[in-house]
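Read left to right, the sequence shown gives residues 1 to 67 (this note's numbering). Worksheet: the structure to be examined is printed underneath.
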Amino acid sequence: MFGFLPSIGTWEIIAVLAVVLIIFGPGKLPDVGKSLGKTIKEFRNATKEPIEEVEDIVKEAAKKTEK
Numbered sequence: 001m002f003g004f005l006p007s008i009g010t011w012e013i014i015a016v017l018a019v020v021l022i023i024f025g026p027g028k029l030p031d032v033g034k035s036l037g038k039t040i041k042e043f044r045n046a047t048k049e050p051i052e053e054v055e056d057i058v059k060e061a062a063k064k065t066e067k
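Written out as structure tokens, the structure is:
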């Protein structure tokens, strides 16, 4: 189902979601989802920045070697 979690099936996901619903309740569930989404977005941005910096350094080095 998910590429990063190949051993988890549909019933396991349903069970996890049920436990989360029981723990946090239906009132706080949207807030939990929102904060989880923000965390994932910040993580992706943080991992993307070093890659862009390395690419810029490689491009600058390539320009210097061409001259």
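All C-beta atoms, glycine included, are put in the ideal place defined by N, C-alpha and C.
Check	Outcome
Tell me whether Gly33 sits in a helix, a strand or coil according to DSSP, three-state version.	helix
Report the rounded CA-to-CA distance for Ile51 versus Leu29, giving the unit in angstroms.	34 Å
Thinking Val32 and Phe43 are a contact (beta carbons under 8 Å), I'd like their distance in whole angstroms, please.	About 16 Å separates the two Cβ atoms, so there is no contact after all.
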